[in-house]
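I have placed the structure first, in the form of structure tokens, so that the comments after it can refer back to it.
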């Protein structure tokens, strides 16, 4: 489908979404383009921009890698939660975002491929220039109480991802994880601890630092 035809097709849906969920003056600029998106719980004021929004600065539910997923993206922000967005943020189809009274903050120049999943009972903070493959998952909570030697463990912890981080497909990021700037998380990694050294290749189940001095372009 030609780009102009595609934009004309999605513009009415995008305008309706912005008018319903953004302050009126922001909504008229249509800062969020919406293709295939299902909304759960969402109220005006739940979406916050880090700078004055411009037209089409965020795209939700658009096509990622060919043939990966055709389902709608999903967004639900429960009471007290905030979805904080920088500029040039693209979230592809099939990706689900559930914010339970916390903040999901995404920096500038972010691309998230198809069928990812973000659930935050505690804050998730993502820096600038992040790239995520398909089926990346971030979860700040165990979901159920865990006892260790009869002692209740902390159920939820925040997640912090630095600047210029590439998380490859099928990787899972657990509660309390910190990833430093300029890191690469290898495909199908299970990350459950802090990785504080920049320019590191991280990988494995559970993940560990594999090699330092690494870099990526994108």
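In my numbering, the protein residues as written are 23 to 240.
All C-beta atoms in this analysis are idealised placements derived from N, C-alpha and C, irrespective of residue type, glycine included.
What residues match up with residue 38 in a beta bridge as DSSP calls it?
If you number the chain shown from 1, residue 38 lands on position 16. Paired residue(s): none; residue 38 is not in a bridge.
Excluding five sequence neighbours on each side, which residues of the same chain lie with their C-beta closer than 6 Å to the C-beta of residue 194?
Taking the first residue of the chain shown as 1, we reach residue 194 at position 172. Closer than 6 Å at Cβ, skipping near neighbours: 159 and 212.
Relative to the C-alpha of residue 209, which candidate in 196, 227, 202 and 142 has its C-alpha closest?
Stepping through the chain shown from its first residue, residue 209 is reached at position 187. With distances taken between Cα atoms, residue 209 lies closest to 227.
Just the C-alpha distance for residue 85 and residue 200, rounded to the nearest angstrom, thanks.
In the chain shown, the residue the question calls residue 85 occupies position 63. In the chain shown, the residue the question calls residue 200 occupies position 178. Roughly 29 Å separates the two Cα atoms.
Identity of the residue in 33, 124, 170 and 144 nearest residue 51 by Cα:
Counting from 1 along the chain shown, the entry for residue 51 is found at position 29. Closest option to residue 51, Cα to Cα, is 33.
Once DSSP output is grouped into helix, strand and coil, what is the label at residue 173?
On the chain shown, residue 173 is found 151 positions in, with the first residue counted as 1. Note: residue 173 maps to strand in three-state DSSP.
Put residue 125 into one of helix, strand or coil per three-state DSSP.
One-based indexing of the chain shown puts residue 125 at position 103. DSSP places residue 125 in strand when its eight states are reduced to three.
Whole-angstrom distance between residue 108 and residue 126, CA atom to CA atom
Mapped onto the chain shown, residue 126 falls at position 104. Mapped onto the chain shown, residue 108 falls at position 86. Roughly 11 Å separates the two Cα atoms.
Beta-carbon proximity check, residue 150 vs residue 131, cutoff 9 Å:
Looking up residue 150 in the chain shown gives position 128. Looking up residue 131 in the chain shown gives position 109. Yes, the Cβ-Cβ distance between residue 150 and residue 131 is below 9 Å.
Would you grab the beta carbon distance between residue 221 and residue 235 for me? Rounded to a whole angstrom, and I think it's under 8 Å.
Taking the chain shown and counting its residues from 1, the one referred to as residue 221 is at position 199. Taking the chain shown and counting its residues from 1, the one referred to as residue 235 is at position 213. Sure, about 6 Å apart at Cβ, within 8 Å.
Residue span of the beta strand (DSSP E) that contains residue 114, given as start and end
Locating residue 114 in the chain shown gives position 92, counting from the first residue. Residues 111 to 114.
Given a cut-off of 9 Å, decide if residue 197 and residue 183 are closer than it, judged by their beta-carbon atoms.
Walking along the chain shown from the start, residue 183 turns up at place 161. Walking along the chain shown from the start, residue 197 turns up at place 175. Result no, Cβ atoms of residue 183 and residue 197 do not sit closer than 9 Å.
Report buried or exposed for residue 161, applying the criterion of at least 16 other Cβ atoms within 10 angstroms of its Cβ.
Here residue 161 corresponds to residue number 139 of the chain shown, with the count starting at 1. Answer is buried; the Cβ neighbour count reaches 16.
So, is residue 188 buried or exposed, given that buried needs 16 or more other C-beta atoms within 10 angstroms?
The count along the chain shown starts at 1 and reaches residue 188 at position 166. Per the 10 Å Cβ criterion, buried.
Taking just the CA atoms, how far does residue 229 sit from residue 94?
For the purposes of this step, residue 94 is taken as residue 72 along the chain shown, with counting starting at 1. For the purposes of this step, residue 229 is taken as residue 207 along the chain shown, with counting starting at 1. Residue 94 and residue 229: Cα-Cα distance of roughly 31 Å.
Please state the DSSP three-state secondary structure of residue 60.
The residue labelled residue 60 in the question sits at position 38 within the chain shown. Strand.
Can you give me the C-alpha to C-alpha distance between residue 166 and residue 122, rounded to a whole angstrom?
The residue you call residue 166 lines up with position 144 of the chain shown. The residue you call residue 122 lines up with position 100 of the chain shown. For residue 166 and residue 122, the distance between alpha carbons rounds to 15 Å.
Please state whether DSSP places residue 182 in a helix, a strand or coil.
Stepping through the chain shown from its first residue, residue 182 is reached at position 160. Strand, per DSSP.
Could you check what DSSP says for residue 229 in three-state terms: helix, strand or coil?
Along the chain shown, read from residue 1 onward, the residue named residue 229 stands at position 207. Looking at residue 229 - three-state DSSP - the assignment turns out to be strand.
Could you check what DSSP says for residue 117 in three-state terms: helix, strand or coil?
The residue you call residue 117 lines up with position 95 of the chain shown. Residue 117 falls in the coil class under three-state DSSP.
In terms of residue numbering, what span does the alpha helix (DSSP H) encompassing residue 49 cover?
Here residue 49 refers to the residue found at position 27 of the chain shown. Its alpha helix (DSSP H) spans residues 46 to 49.
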